[in-house]
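What follows is a single structure, written as structure tokens, with notes after it.
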Amino acid sequence: MRSGELDYAGLGDADLVDLFKARDSGAVRFIAEKNNQRLFRAAWAVLRDSAEAEDAVQGGYLKAIAAIDSFEGRSKLSTWLTRIVINEALTQRRSARRRATRIADVDTGGTEQGNPDEGRLPPDLSTPEHHVANVQLQKALKQALDRLPDIYRIVFVLREIEGMTVDETAAALDVLPATIKTRFFRARHMLRAQLASFDRTDLDGFLTFAGDACSSLTARLADLIAAQPAHSPSWLH
Numbered sequence: 007m008r009s010g011e012l013d014y015a016g017l018g019d020a021d022l023v024d025l026f027k028a029r030d031s032g033a034v035r036f037i038a039e040k041n042n043q044r045l046f047r048a049a050w051a052v053l054r055d056s057a058e059a060e061d062a063v064q065g066g067y068l069k070a071i072a073a074i075d076s077f078e079g080r081s082k083l084s085t086w087l088t089r090i091v092i093n094e095a096l097t098q099r100r101s102a103r104r105r106a107t108r109i110a111d112v113d114t115g116g117t118e119q120g121n122p123d124e125g126r127l128p129p130d131l132s133t134p135e136h137h138v139a140n141v142q143l144q145k146a147l148k149q150a151l152d153r154l155p156d157i158y159r160i161v162f163v164l165r166e167i168e169g170m171t172v173d174e175t176a177a178a179l180d181v182l183p184a185t186i187k188t189r190f191f192r193a194r195h196m197l198r199a200q201l202a203s204f205d206r207t208d209l210d211g212f213l214t215f216a217g218d219a220c221s222s223l224t225a226r227l228a229d230l231i232a233a234q235p236a237h238s239p240s241w242l243h
């Protein structure tokens, strides 16, 4: 069977992993398109910046292809990828903080730049009035999330916004399910005032990563992975 004839949506994780190992472009694109939103939200929960989160997602995918032989199927492929991207985002943040410290040692001046994500919230195109209200609500939630301690913000984004289960979130963060439950409860408690103004649709639309941004990342990733050597699984022929 040629890869162009494959129904990627009908394949299980084991077969997708085999194709991912083989650098099959269709599988790479399918996996990316299926997971980009979750991975972007997970990276943003660590970095709180959209451009940096996108970089972390791309770096995470490349780390995943390099480590794909270690995937044992004990968790979902999407959960395994989420864990890698979170670790990549944490590494990226540590590097940024070290650079910032070195710069501060040289130059203690500068001006307040504000939140780099302000003005980049996903629009709701229904009516101008709804768009303004939606932007204001999402900005309020973003600012509230910025104030949350990292351990609570990451769990809240994965559980409440991305809709991951307790067990999936625990696997992605390598902690016990009971810890996830506790952190999620505390995050919701800290955000109770902001959440009172939101409904489920508002949360579903928060931190949307789609359209040209998603397509561009997927295309870049496919090109980068295709350039690497691979062995094709026997069942593909």
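Residue numbers for the sequence shown, in our numbering: 7 to 243.
In this text, a Cβ means the ideal position worked out from N, Cα and C, and glycines have one as well.
Keep in mind it's a predicted model, so treat the numbers as computed, not measured.
**Study point:** DSSP state of E78 mapped onto helix, strand, coil
**Key:** Numbered from its first residue, the sequence shown carries residue 78 at position 72. Of the three classes helix, strand and coil, the one that applies to E78 here is coil, per DSSP.
Check your understanding: Are there 16 or more other CB atoms within 10 angstroms of the CB of E78, so buried, or fewer, so exposed?
Key -> As a position in the sequence shown, residue 78 is number 72, starting the count at 1. Per the 10 Å Cβ criterion, exposed.
Exercise for review: For D180, count neighbouring C-beta atoms within 10 Å of its own C-beta (all shown protein chains included) and say buried if the count is 16 or more, exposed if not.
Suggested key: Taking the sequence shown and counting its residues from 1, one reaches residue 180 at position 174. Exposed: under 16 other Cβ atoms inside 10 Å.
Practice item. To the nearest angstrom, report how far apart E58 and G66 are at their CA atoms. Key: By one-based count along the sequence shown, residue 58 stands at place 52. By one-based count along the sequence shown, residue 66 stands at place 60. Roughly 12 angstroms separates the two Cα atoms.
Point to revise | Where T175 falls, given that 16 or more other Cβ within 10 Å makes a residue buried | key: Indexing the sequence shown from 1 puts residue 175 at position 169. Classification of T175: buried, given that the 10 Å Cβ count is 16 or more.
Check your understanding: Counting pairs of Cβ atoms below 8 angstroms between the segment 139-159 and the segment 31-49, do you hit three or more?
Key -> no
Review point. With distances taken between CB atoms, is the gap from A62 to A49 smaller than 8 angstroms?
Key: Mapped onto the sequence shown, residue 62 falls at position 56. Mapped onto the sequence shown, residue 49 falls at position 43. Cβ distance < 8 angstroms, so A62 and A49 count as in contact.
Exercise for review: Return the first residue and the last residue of the alpha helix (DSSP H) that A184 is part of.
Suggested key: In the sequence shown, counting from the first residue as 1, residue 184 sits at position 178. 183-196 is the span of the alpha helix (DSSP H), which, as asked, contains A184.
Point to revise | Local conformation of R54 per DSSP, three classes | key: Against the sequence shown, residue 54 aligns to sequence position 48. Residue state, collapsed to three classes: coil.
Practice item. Whole angstroms is fine: what's the gap from L96's alpha carbon to R104's? Key: Position 90 of the sequence shown holds residue 96. Position 98 of the sequence shown holds residue 104. Spanning the two alpha carbons is a distance of roughly 12 angstroms.
Practice item. My understanding is that I99 touches L154, with C-beta atoms under 8 angstroms, so please give their C-beta distance in whole angstroms. Key: By one-based count along the sequence shown, residue 99 stands at place 93. By one-based count along the sequence shown, residue 154 stands at place 148. This sequence places Arg at residue 99; Ile is not what is there. Contact doesn't hold; Cβ gap of about 15 angstroms is too wide.
**Study point:** Nearest-angstrom Cα separation, counted from T207 out to H136
**Key:** In the sequence shown, counting from the first residue as 1, residue 136 sits at position 130. In the sequence shown, counting from the first residue as 1, residue 207 sits at position 201. Only weak support exists for where H136 lies, its pLDDT of 46 falling under 50; the coordinates are left without a value.
Exercise for review: Give the single residue among N41, I167, G16 whose Cα lies nearest to the Cα of C220.
Suggested key: Against the sequence shown, residue 220 aligns to sequence position 214. Among N41, I167, G16, the Cα nearest to that of C220 belongs to N41.
Review point. Are the segment 190-205 and the segment 17-25 touching by the rule of at least three beta carbon pairs closer than 8 angstroms?
Key: no
Review point. Going by the beta-carbon positions, is the gap between L87 and A72 smaller than 8 angstroms?
Key: Along the sequence shown, read from residue 1 onward, the residue named residue 87 stands at position 81. Along the sequence shown, read from residue 1 onward, the residue named residue 72 stands at position 66. No, the Cβ-Cβ distance between L87 and A72 is not below 8 angstroms.
Practice item. In angstroms with no decimal places, state the Cα-to-Cα distance between N93 and D55. Key: Numbered from its first residue, the sequence shown carries residue 93 at position 87. Numbered from its first residue, the sequence shown carries residue 55 at position 49. Distance between the alpha carbons of N93 and D55 is about 16 angstroms.
Check your understanding: Residue range of the alpha helix (DSSP H) that A178 falls in?
Key -> As a first step, residue 178 is located in the sequence shown; it is residue number 172 there, counting from the start. Counting along the chain, the alpha helix (DSSP H) containing A178 begins and ends at 172-179.
Review point. Which whole-angstrom value describes the C-beta separation of A177 and S76, a residue pair presumed to lie in contact below a C-beta threshold of 8 angstroms?
Key: Within the sequence shown, numbered from 1, the residue matching residue 177 stands at position 171. Within the sequence shown, numbered from 1, the residue matching residue 76 stands at position 70. Not confirmed; about 15 angstroms, so no contact.
Check your understanding: To which residues of the same chain is I90 closer than 6 angstroms at the C-beta, ignoring the five residues directly before and after it?
Key -> Taking the sequence shown and counting its residues from 1, the one referred to as residue 90 is at position 84. Contacts found: G66, K69, A70.
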